[in-house]
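In this note's numbering, the protein residues as written are 68 to 222.
Note sheet for the following structure.
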């Protein structure tokens with residue numbers, strides 16, 4: 068027992084609640100997606116349209132489908148489960164969904180059952196200039212490359 072009759076567990080829990088993982092940083096470049104190496108998982112990213120004007124709301128959808136006959140177990144190092152990024156070029160990431168966000172520092176796990184689809188959706192309004200952009204969606208599970216991309220045009 069610690070001071071005031073509180074257990075070490077209580078202090079550890081309060082400490083974990085006070086901690087957070089800062090969202091993505093532009094200092095690390097997001098790699099252009101490669102095909103998913105795990106043949107049982109199919110990852111896709113879609114948007115509500117392909118063409119936008121500056122200031123439009125973009126609806127992003129990231130889906131992970133388990134096409135195997137076994138559960139797919141995903142391990143996470145924080146409360147963050149996914150991320151979206153918008154790239155002008157592979158070396159120029161102009162926007163991250165996770166930027167400026169905090170995530171609980173705790174280990175977590177999601178299990179995607181056979182033939183189940185895990186879906187994450189966001190509506191975002193990044194201020195994008197005219198041009199062609201790649202939307203990258205990524206499940207941030209440890210030891211797995213689960214990402215996909217789609218292309219949009221801003222006029």
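Heads up, the beta-carbon is just placed ideally off N, CA and C, and yes, glycines get one too.
Here's the rule: buried if 16 or more other CB atoms are within 10 angstroms of the residue's CB, otherwise exposed. What is residue 108? buried
Taking the C-alpha atoms as reference points, what is the distance between residue 129 and residue 118? 18 Å
Helix, strand or coil, according to DSSP, for residue 167 in the structure here? coil
Residue range of the beta strand (DSSP E) that includes residue 173: Here residue 173 belongs to no beta strand (DSSP E), and DSSP marks it neither H nor E.
Grab me the residues of residue 144's own chain with a C-beta within less than 7 Å of its C-beta, minus the 5 sequence neighbours each way, in chain order. 174, 209
How is the beta strand (DSSP E) around residue 188 delimited, first residue to last? 184 to 191
Identify, in the order they occur along the chain, each residue of the same chain with its Cβ nearer than 6 Å to the Cβ of residue 132, setting aside the five sequence neighbours on each side. 109, 184
Are the beta-carbon atoms belonging to residue 122 and residue 192 less than 9 Å from one another? yes
Ignore the nearest five residues each way along the sequence and tell me which others in residue 230's own chain have a CB closer than 6 Å to its CB. The structure shown has nothing for residue 230, since the chain only spans 68 to 222.
Report the rounded CA-to-CA distance for residue 162 versus residue 134, giving the unit in angstroms. 31 Å
Which same chain residues, not among the five before or five after residue 171, have their C-beta less than 6 Å away from its C-beta? 146
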